[in-house]
Structures are given as structure tokens and as C-alpha cells.
């Protein structure tokens with residue numbers, strides 16, 4: 003996924019994350035242009051019902067740039083297609099925001115995307131990390147824990163996990179209620195949780211696009 007396409011994904015996750023925290027902030031979607039959160043979604047703070055949360059997600063994702071198309075999937079997942087400005091293949095991903103009640107404000111969400119070697123797993127953060135960092139990432143689904151060394155990409159706001167993480171997404175994660183995340187950053191770790199319900203369906207949609215290339 004090229005940098006511009008990943009920026010689209012981060013923008014969507016960041017906006018949805020901020021909405022769920024009740025932040026009426028300006029969200030920058032492209033350099034030099036900021037778009038305000040719509041008035042109808044400012045009452046989307048913590049403690050809202052599941053239905054209110056779903057509506058907040060819906061409204062937030064409507065504000066993704068026109069360069070991307072977003073489709074709602076089961077369990078709060080989103081299928082996002084971003085245009086390649088150079089005329090190549092569109093960037094395709096499925097993504098989910100974190101559970102705001104269980105997550106650090108520095109973590110936005112999880113993206114699974116079509117990569118050159120198959121499906122890639124990317125964590126989106128809200129505070130840029132050093133491009134030279136190789137943070138340790140612990141992922142827990144149920145009683146199972148896995149640790150990976152991540153690569154910092156896209157200006158420091160995304161963490162690309164190794165191929166073994168993709169294998170877990172195709173197996174263990176599909177039976178888990180949520181994925182607990184711990185990123186080893188200093189001075190304190192970034193922790194959060196991403197709901198996993200609907201992952202199997204989201205991966206089926208994503209795989210159709212990835213393998214059709």
C-alpha cells in the first residue's frame with residue numbers, strides 16, 4: 003500500500019477514534035487541508051450505547067476523503083478502497099477502530115491490507131514514532147500471546163507487522179472476541195483492544211480483491 007493510500011486509512015481511523023472520544027477537532031486529511039468533524043457527531047464520547055457507537059462510527063467514516071470508498075462490513079469492520087494517483091492498482095484494506103473504553107488515546111486501530119507478498123497487518127498510531135525504531139508488539143487473543151518486532155512506516159504513524167501476524171489473522175484471531183495490543187514504546191507502552199467479531203467475513207472480502215490481482 004502506497005503512502006497516500008495508507009494516509010487515507012489513518013485519516014479514517016483517526017477521525018473515528020477521535021469521534022468516539024468526543025473530540026470536536028479538525029482532522030487533517032491531506033497536507034494543507036483540514037476538515038471539521040460534523041456537528042452531528044460531537045456527542046459521541048465514552049459511555050455511549052452500542053447503537054450510538056455504531057452511529058458514531060458510521061458518521062465518522064462518511065468523512066473519509068473522496069479519494070477513498072468505504073463499505074461497512076460485519077462487526078464494525080470497513081472495507082476501504084483508495085485510488086492510486088499514479089494510475090496503478092487501487093489500495094485495498096479492511097480496518098477497525100479500537101475499543102475506546104479499553105484503549106490508550108495514542109492507538110487508532112488495526113488495518114489489514116493487500117501487500118506484495120499477501121495480506122499485511124498494520125497498526126495505526128496517533129503519535130508519530132521514530133522511523134528508526136523497531137518496537138516490540140505483543141498481541142493477545144484469548145489465552146494466546148504472540149510477540150513481533152514491527153517496522154515503523156508512513157512517517158512514523160503506522161507499524162507494519164511481519165508475515166507471521168497475518169497467519170494469526172487467518173486462524174486464532176477469528177475465534178477471539180478482541181485482540182489486546184501492547185506496543186513497547188518509551189516512556190510508556192501503548193495499549194489497546196480491537197474488537198475481532200466479523201474478522202472472518204472481512205478477510206474473505208479482502209482476499210477476493212488481493213488474489214484477483
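Residue numbers (my numbering): 3 to 215. Ideal placement from N, C-alpha and C gives every residue a C-beta, glycine not left out.
Proximity to residue 93 across 168, 144, 101 and 117 peaks at 117, based on C-alpha coordinates. Residue 188 carries a coil assignment under DSSP once its states are collapsed to helix, strand and coil. Residue state for residue 81 is assigned as strand, using DSSP reduced to three classes. Of 167, 138, 155 and 148, the smallest CA-CA separation from residue 190 is found for 138. Less than 7 Å divides the Cβ of residue 111 from the Cβ of residue 97.
Under the rule that a run must span 4 or more residues, no alpha helix (DSSP H) segment is found entirely inside the stretch 93-126. Here the C-alpha atom of residue 144 lies approximately 8 Å from the C-alpha atom of residue 179. Here residue 135 carries a coil assignment [DSSP, helix/strand/coil]. Taking 7 Å as the cut-off, the Cβ atoms of residue 181 and residue 196 count as close. Taking each of 127, 129 and 115 in turn and checking the Cα distance to residue 201, the smallest one comes out for 115. In the three-state DSSP reduction, residue 163 falls in the coil class, being neither helix nor strand.
In this structure residue 122 is in contact with residue 162, their Cβ atoms being roughly 6 Å apart against a cut-off of 8 Å. Around the beta carbon of residue 184, 16 or more other beta carbons lie within 10 angstroms, which makes this residue buried.
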